[in-house]
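A.B. asks:
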Amino acid sequence: MRKRSRHLGGAPTRAVRPDRIDWPSEAEWEYAVPGNDGCNPWGNQEGRGDLANFADCNTAFAWRDNEISDGFAESSPVGSFPLDASPFGMEDMAGNVWEWCLDFIESTVAHRRSTRAEGLPGAKRVYRGGSWKSRFNSLRTTTRGSNVPN
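Structure follows, in structure tokens:
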């Protein structure tokens, strides 16, 4: 694992050049994130507002959890949920914002596998971990999606 870095202060991601980031592969991400249960850094806990930033009573979504407050209506500063730190010290990998991975999805393959090869124009890159728009039960290491990076 690389040396741990920490950025508190909420700099917008548009201020970071994507070509200067060493994105983790999906395999690296899955290895670094989970805790002892293999799914979440915090183990097999029920939804609690002190574990991660997710769609809680502060959001306007129909699927929000009206009985829990994580203290944020949208994204939160890195380090706001210390109980979600993985054994490697990774923070905010479940909830808050989706995390991009190096891999691209090959949508033409029957089993939608990912590849580290440079994606074709319009290729979709994998993202992991859920966000502040996600339900708590979807904040798992197995949660993944893809989109065209912009």
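The opening position of the sequence shown corresponds to residue 362 in this note's numbering, with each subsequent residue numbered one higher.
Built from N, CA and C at the ideal position, the CB exists for glycine as well.
Residue 459: buried (16+ other C-beta within 10 angstroms of its C-beta) or exposed?
C.D. replies: Burial call: buried.
A.B. asks: My guess is that residue 502 and residue 428 are in contact by the Cβ rule of under 8 angstroms, so how many angstroms apart are they, rounded?
C.D. replies: The Cβ separation is near 25 angstroms, so there is no contact.
A.B. asks: So which of 445, 453, 421, 447 has the shortest CA-CA distance to residue 438?
C.D. replies: For the residues 445, 453, 421, 447, the minimum Cα distance to residue 438 belongs to 453.
A.B. asks: On a CA-only basis, which of 499, 509, 504, 510 is nearest residue 408? Give me that one, please.
C.D. replies: Ranking 499, 509, 504, 510 by Cα distance to residue 408 puts 499 first.
A.B. asks: Kindly indicate which three-state DSSP category residue 445 falls into: helix, strand or coil?
C.D. replies: If DSSP states are grouped into helix, strand and coil, residue 445 belongs with the helices.
A.B. asks: Would you tell me roughly how many angstroms separate the C-alpha atoms of residue 508 and residue 484, rounded to the nearest one?
C.D. replies: One C-alpha to the other measures close to 8 angstroms.
A.B. asks: With the cut-off set at 8 angstroms, would you say residue 388 and residue 447 are in Cβ contact?
C.D. replies: Their beta carbons are not under 8 angstroms apart, which means residue 388 does not touch residue 447 by this criterion.
A.B. asks: Cα separation between residue 423 and residue 416?
C.D. replies: When rounded, the distance between both Cα atoms is 9 angstroms.
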